[in-house]
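Beneath this line is the structure, given in structure tokens, with notes to follow.
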């Protein structure tokens, strides 16, 4: 543990907790999660819908809106705390230091503004550029993300682009001010399967060029396997397992992760049937007292019903399961 | 609500129904908002006052013989020259304002309710025909609705009013005023009902069970009333409440414009019209109290309608 | 775009034709025009002569065609009540109503839109809540009560402004305007506020709810994530996206203002078309009612048409759609 002056990771999240205020009392949407992302690293966040993946992304750049709010946690970027920033400072940080890409490219762009207007305003919000310089830069960005004939296309409105093309524009917008971290929230879910791989490849290549890190939020383990360096598995607002992708895929320790891996079809495997996790993730209103996964877990013990396991280090990762702590059935 | 099989009314069943109601969003939004509860209370109070006007009024404003010109233009009781015989003062004919007010409230509410019932009956019928049968009937009804929607309801009401007056001849008896008013307001508010019911009827018509019912020879009217209508009760209730508020305002406006109820049988609007003439000479109470009651009535019914719409339509919250 | 406009234009004419036919039915079948025009002592022979002169014996299609032809030339016959050509009456009364409606619309738009934007952006501020409460009262109150209240406060008690009439007017050719005299402008204040207040609250509430709606959309979230300033987000993106419904409703509201002028003109004894219409309804003066119906419909249809075209002009999606339809 004692290393010589470790450089701070690009992003460091400690004990992030997000609460939803409802009229029947507060609900914990994210429950004390901690993780970090190193410079140039791609961290995958995987989990079912409702596990808290998207809220984690939104919480980092403070885009949560009431009744959802962050009630606890430290978020540091390059060693400096960003969780207590003023509205103005946070605004300057968004786009400039941390870019964000949302799920649906069809609704991410203002339908009444041309691509040029949206790119130029983003560039000029962060960089000291003249309108004509910004326009030249915008055309360059569009070319980089693979929009054909960007000089002409730049003055079109979003509705003139296909879904895949629009997501390319969204990527151009997110990368415009050269942020060091991109939070990509299900960037390909709304797209045709045929363009999903292209978009992921594009995003990966552009970030690699710039040395930017990616926090890739998805429910698709396949995308993670091909793209990410490390992966965090979320379940019911908590991280249940985190570690290098190869380790998590080859020897998952948490029963939930094991179930997830069993559900990925693979060409080489001799297994003919995909396994399936029975049941569904509990709703936030009805979280069990013990481990949230216990009701669906084939290896659940009496202990799991009453107490919550915390993350236990294992090899280069960690998992939150009593089995790792040496408990026996 | 859309379930058609009769449920046996078991005690625990009703209990859970009550529990559900008490736990529902509607009840929640109702009890949370003091404004809504206040509006409901005031609406109920005004309705009761209107209902029992003949019993709670100190005088009979419809009995012209009881009027005494000696007591005309008395101010309210708490002002110099007022007396507790006439708590809110008297008008230029010596009529007790409080009694006139209560009877006016009764008339205003009665006209408005009758108009909304007419509009509802007309709108539901036309909406069902339009949505269920489609074709040219639908085209004609909806075209008329479209054109009518272009104009404000008050204009339609005025036009119908004028035409009916012309048809009846100008020297009609006083009793017709009431029904002319109901007709003109009723005809101005049917479109919303018709559109809502039509939409629902079109959805229901395309469902399998309706096709099956038709196949075994169930009559269309029966299908419409047993299957389509229960589905639109909620929206219809909302429209009815909002329409009631609008009908109250429309009635008052028509009467104020002098094409509603006559001064011999005044509604709240007529009272404001009459009182308006005395405003400049300083007898403010003749216009003030009817105006105030009218404002409170319109406001509280409107609040109820707004709340009902929001509560039944979670999307708008 | 052109094809779109032409299609809308044709639809507008169809509506006008239906309204004109309705007006004809009123004119021809509601009450007997001869009875209305002839005096009590007109002989039977004279009545028949009038019947002929009015063309009431001609085939029905000829009568309809004549009615439409006359209506196109703004000839609506003679008022039963005033015994004057209807077109002449309307010419005298029109400017008063149009000036009042114009002032009221200006008031409603100039105050309503900024108020809606403000309450949409600062939805939790005390001022917004205050405004919402007041606006609900404004929407619920009958227009005439507001007028009576204003007269009581500013004319009877404070003696600041006149309680009725138009004040002095100046003739600009055929147009009698009240805009050019001090007394005319003073007389305009209370009626315009009365007439515009309801529309003002409607517009403000609409802009507010549209603003709230747009501020919840993904592209606003993305704009925030891009680090744009609140100012740019609110005005460049949110406001622009609310404009389409706002233009539509505002346009239609202006149509309603002309119709609601009937009430305001009665309260303030404003010598406009609305007051004329009320007199016509009270006295079953069918030619005036028919003419008013046609004129007001024309205004509504024209406004609808302009709104539709403007709508297409503002929204690139519809613009494209309309162009591809050609």
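Chains as they are written, first to last, in our numbering: chain G, 1 to 329; chain U, 330 to 646; chain A, 647 to 972.
For glycine and all other residues, C-beta sits at the position ideal for the given N, C-alpha and C.
These figures come from a predicted structure and were not determined experimentally.
Just curious, the alpha helix (DSSP H) that residue i is in, first and last residue?
| i | result |
| --- | --- |
| residue 336 of chain G | Absent from the structure is residue 336 of chain G, since the part of chain G shown begins at 1 and ends at 329. |
| residue 821 of chain A | Per DSSP, residue 821 of chain A belongs to no alpha helix (DSSP H); it is in the beta strand (DSSP E), 821-823. |
| residue 765 of chain A | 732-767 |
| residue 912 of chain A | 886-914 |
| residue 165 of chain G | 163-175 |
| residue 284 of chain G | Taken as a continuous stretch (DSSP letters only), residue 284 of chain G belongs to no alpha helix (DSSP H), as it is neither H nor E. |
| residue 693 of chain A | 690-699 |
| residue 918 of chain A | Residue 918 of chain A -> no alpha helix (DSSP H), and no H or E assigned at all. |
| residue 301 of chain G | No alpha helix (DSSP H) contains residue 301 of chain G, which DSSP labels as neither H nor E. |
| residue 868 of chain A | 864-871 |
| residue 210 of chain G | 193-210 |
With DSSP as the reference, label residue i as helix, strand or coil.
| i | result |
| --- | --- |
| residue 601 of chain U | helix |
| residue 317 of chain G | strand |
| residue 553 of chain U | helix |
| residue 183 of chain G | strand |
| residue 700 of chain U | There is simply no residue 700 of chain U to check, as chain U begins at 330 and stops at 646 in what is shown. |
| residue 76 of chain G | strand |
| residue 129 of chain G | coil |
| residue 385 of chain U | helix |
| residue 95 of chain G | coil |
| residue 654 of chain A | helix |
| residue 419 of chain U | strand |
| residue 662 of chain A | helix |
| residue 827 of chain A | coil |
| residue 312 of chain G | strand |
Residue range of the beta strand (DSSP E) that residue i falls in?
| i | result |
| --- | --- |
| residue 448 of chain U | Careful: residue 448 of chain U lies outside any beta strand (DSSP E), inside the alpha helix (DSSP H) at 426-462. |
| residue 213 of chain G | 213-218 |
| residue 611 of chain U | Neither: residue 611 of chain U is in no beta strand (DSSP E) and is coded neither H nor E. |
| residue 14 of chain G | 11-22 |
| residue 324 of chain G | Per DSSP, residue 324 of chain G belongs to no beta strand (DSSP E) and is neither H nor E. |
| residue 230 of chain G | 230-235 |
| residue 816 of chain A | 816-818 |
| residue 398 of chain G | Any answer about residue 398 of chain G is impossible in this case: the structure gives chain G only from 1 up to 329. |
| residue 802 of chain A | Neither: residue 802 of chain A is in no beta strand (DSSP E) and is coded neither H nor E. |
| residue 243 of chain G | 238-244 |
Who are the near neighbours of residue i in its chain, counting only those whose CB is closer than 7 Å to its CB and skipping five residues on each side?
| i | result |
| --- | --- |
| residue 486 of chain U | 513, 514, 517, 579, 583 |
| residue 605 of chain U | 616 |
| residue 597 of chain U | 433, 434, 437, 581, 619, 622, 623 |
| residue 738 of chain A | none |
Report, in whole angstroms, the separation of the C-beta atoms of residue i and residue j, which I expect to be a contact under 8 Å.
| i | j | result |
| --- | --- | --- |
| residue 163 of chain G | residue 191 of chain G | 5 Å |
| residue 630 of chain U | residue 577 of chain U | 6 Å |
| residue 778 of chain A | residue 765 of chain A | 7 Å |
| residue 206 of chain G | residue 144 of chain G | 7 Å |
| residue 242 of chain G | residue 225 of chain G | Going by Cβ atoms, the distance from residue 242 of chain G to residue 225 of chain G rounds to 15 Å, so no, they are not a contact pair. |
| residue 257 of chain G | residue 233 of chain G | 5 Å |
Near residue i, what residues of its chain come up, given a Cβ to Cβ distance below 6 Å and the 5 sequence neighbours on each side ignored?
| i | result |
| --- | --- |
| residue 311 of chain G | 318, 320 |
| residue 634 of chain U | 570, 571, 574 |
| residue 977 of chain A | Since the displayed chain A opens at 647 and closes at 972, residue 977 of chain A lies outside it and no answer follows. |
| residue 643 of chain U | Summary for residue 643 of chain U: the model assigns pLDDT 46, below 50, so the residue's position carries little reliability, and this model does not support an answer. |
| residue 320 of chain U | Outside the shown range of chain U, which is 330 to 646, sits residue 320 of chain U, and nothing can be said about it. |
Could you pull out every residue in the same chain whose Cβ sits closer than 8 Å to the Cβ of residue i, ignoring the five residues on either side in sequence?
| i | result |
| --- | --- |
| residue 282 of chain G | 236, 288, 292, 295 |
| residue 957 of chain A | 890, 893, 894, 964 |
| residue 181 of chain G | 10, 11, 37, 77, 97, 98, 99, 212, 213, 214, 215 |
Self-check item: Cβ contact check for the region 744-751 of chain A and the region 578-595 of chain U: 3 or more pairs under 8 Å
Solution: Short answer: they don't touch.
Quiz item: Can we say the region 660-672 of chain A touches the region 700-714 of chain A, given the rule of at least three CB pairs closer than 8 Å?
Solution: A contact exists between the region 660-672 of chain A and the region 700-714 of chain A.
Quiz item: Below 8 Å, can you find three or more Cβ-Cβ pairs linking the region 790-806 of chain A to the region 878-892 of chain A?
Solution: No, because fewer than three Cβ pairs between the region 790-806 of chain A and the region 878-892 of chain A fall closer than 8 Å, the two stretches do not touch.
Quiz prompt | Stretch pair the region 64-84 of chain G + the region 7-19 of chain G: three plus CB contacts closer than 8 Å | solution = Using a Cβ-Cβ distance cut-off of 8 Å, the region 64-84 of chain G and the region 7-19 of chain G are in contact, since at least three pairs of beta carbons, one from each stretch, lie closer than that value.
Quiz item: Is the region 931-940 of chain A in contact with the region 727-744 of chain A, if contact means three or more CB pairs nearer than 8 Å?
Solution: Touching, per the Cβ criterion.
Self-check item: the region 131-151 of chain G / the region 169-176 of chain G touching (three or more Cβ pairs under 8 Å)
Solution: With the cut-off at 8 Å, the region 131-151 of chain G and the region 169-176 of chain G touch.
Quiz item: Are there three or more Cβ pairs, one per stretch, closer than 8 Å when the region 840-852 of chain A is compared with the region 786-794 of chain A?
Solution: Put simply, the region 840-852 of chain A touches the region 786-794 of chain A. At least three CB pairs are less than 8 Å apart.
Quiz item: Can you find at least 3 beta carbon pairs, one from the region 459-479 of chain U and one from the region 521-533 of chain U, that sit closer than 8 Å?
Solution: They touch, by the three-pair rule.
Exercise. Evaluate contact between the region 530-541 of chain U and the region 456-464 of chain U, counting only Cβ atoms and requiring at least three cross-stretch pairs below 8 Å.
Key: Enough Cβ pairs lie closer than 8 Å, so yes.
Quiz item: Using 8 Å as the threshold, is the region 866-873 of chain A in touch with the region 809-824 of chain A, meaning 3 or more CB pairs across them?
Solution: In short, these stretches do not touch, since the Cβ pair count stays below three.
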